[in-house]
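This note's numbering numbers the first residue of the sequence shown as 2 and each following residue consecutively.
Structure first, commentary second.
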Amino acid sequence: MNEVKSIVTAIKKGDVKPIYFLTGEEPYFIDKISDFIEDNVLREDEKGFNQMVLYGRDVTVEDIIGNAKRYPMMAEKQVIIVKEAQDLSRSIEQLTGYAENPQPSTVLVFNYKYKKLDKRKKLHKAISKNGVIYENKRLYDNQVVEWIQSEMHTRGFQIAPKAAQMLLEFLGNDLGKIDNELQKLQLIAPKGTIITPELIEENIGISKDFNNFELRKAIGMKDSLKAHRIINYFSQNEKDNPMVVTVALLFSFFSQLQQYHALTDQSKGNVAKVLKVNPYFVNDYVTAAKNYNMKKVSSIISHLREADVKGKGVGAANVPQGDLLKELLVKIMR
């Protein structure tokens, strides 16, 4: 995230490179940099003749180089953005010659999603010398919560940790989807508002009481009544609460709990660092560890693996997912 800010800040200051090669597993940040260049490097009156968007599936590397070598018309620079550039992965090394001596009046941007360049090859070295290579990885879940909080702060809002966790567990770590929901909240709530679980429930449709986060918490506390209420709710709303997601999140929780039991340093800061969770949620693991010893945790992980297989139709093809979850809950809580 800091690297994205650094690239954007440099462009704002007029330090614009001739090549930006944007790669990695998280498309959100690639799009952010690319969109910023598309919107800000040229004035509106310059874009008609000097800005083009190409798609990797429709062009060759030779086509891109040919366009990049053109001179801008009545402007200092031209901008060429190649979207879905990963479709050119088999021939991308043909760009090496151009990257070694790029046209200084061209800003050439590659959105090379879900892939990365081979650092041993000449192309990587050439772009590193004459342009910018940005490479990212998917954020861990705890980093997503931090990102949500940081984004909302930047936009003039605060968001409660539980509300941020609800968004993560409902939408997964797809930052694009999360950003869409954050934009909806911006339109609804005035600046300065604290985004609460209640606001999330009212405007996004995620129940603040009946969700995987609350289920995990109830199981950790051995609150059997609350856990069964949530499972019953899931059974009646299977479309919005698929079993595969619930099992995956519980598997992650108990795998982390297994790690927690093995830690010699169980201070809050170290637990958050090792388990890769927000410090706000460390107490949930402390509580769960008191209720489930290492032997029990290992047994639960086995039950979760079995439930995952059954949920995918192996050995339980005609059993409703709600019944499978209820069976799983009994095994966990006994």
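Where is the CB? At the ideal position from N, CA and C, for every residue including glycine.
These figures come from a predicted structure and were not determined experimentally.
So what's residue i in DSSP terms, helix, strand or just coil?
| i | result |
| --- | --- |
| I207 | coil |
| Q257 | helix |
| N68 | helix |
| E136 | strand |
| Y113 | strand |
| V42 | coil |
| Q184 | helix |
| Q87 | helix |
| T107 | strand |
Would you tell me roughly how many angstroms separate the C-alpha atoms of residue i and residue j, rounded to the nearest one?
| i | j | result |
| --- | --- | --- |
| Q257 | P280 | 14 Å |
| V54 | V62 | 14 Å |
| L169 | Q104 | 43 Å |
| K122 | S92 | 13 Å |
| T155 | W148 | 10 Å |
| E85 | L118 | 14 Å |
| G173 | Y56 | 28 Å |
| E47 | P73 | 9 Å |
| I66 | P19 | 12 Å |
| H304 | K332 | 7 Å |
| K185 | K296 | 45 Å |
Give the range of the beta strand (DSSP E) segment to which residue i is assigned.
| i | result |
| --- | --- |
| G25 | 20-25 |
| Y56 | 52-56 |
| K84 | 79-84 |
List the endpoints of the continuous alpha helix (DSSP H) containing residue i.
| i | result |
| --- | --- |
| I149 | 142-155 |
| I333 | 322-334 |
| V315 | Counting along the chain, V315 falls outside any alpha helix (DSSP H), and DSSP gives it neither H nor E. |
| T288 | 283-292 |
| G15 | Unbroken run through G15: none, as it is neither H nor E. |
| T97 | 97-101 |
| P162 | 162-172 |
| E215 | 213-221 |
| V372 | Coverage of the chain is limited to positions 2 through 335, which leaves residue 372 absent and any answer about it impossible. |
| A228 | 225-237 |
| K130 | 123-131 |
With distance defined between alpha-carbon atoms, name the residue in the options nearest to residue i.
| i | options | result |
| --- | --- | --- |
| M153 | R121, L276, P191, L172 | P191 |
| D241 | V60, F211, Q87, K218 | F211 |
| H229 | I160, E328, V108 | E328 |
| D309 | G57, T247, E85, D40 | T247 |
| G270 | I160, Y286, F255 | Y286 |
| A69 | Y234, L96, Q87, K138 | L96 |
| K6 | S129, I205, F254, Y135 | Y135 |
| M75 | I205, N51, K227, V110 | N51 |
| D36 | F254, D46, G49, I12 | I12 |
| L23 | I65, Q87, S268 | Q87 |
| L326 | V283, G316, V245, K274 | V245 |
| S300 | M334, Y99, P162, D16 | M334 |
| V146 | M167, I231, R44, I128 | M167 |
| L400 | N112, V17, L183, S151 | This structure cannot settle anything about residue 400, because the visible part of the chain is limited to 2 through 335. |
| I220 | A289, I160, F158, I128 | A289 |
| K33 | I82, L124, D266, P321 | I82 |
| K120 | G98, K296, L140, E94 | E94 |
Taking C-beta to C-beta, are residue i and residue j nearer than 8 Å?
| i | j | result |
| --- | --- | --- |
| N131 | V278 | no |
| I201 | A249 | no |
| E26 | K138 | yes |
| R217 | F254 | yes |
| I8 | V108 | no |
| Y261 | L251 | no |
| N292 | K223 | yes |
| V283 | V298 | no |
| P28 | K126 | no |
| Y21 | V80 | no |
| S236 | G314 | no |
| Q150 | I195 | no |
Does any residue of chain C bring its CB to less than 8 Å from the CB of residue i?
| i | result |
| --- | --- |
| N284 | Absent from the structure is chain C; it holds one protein chain and no more. |
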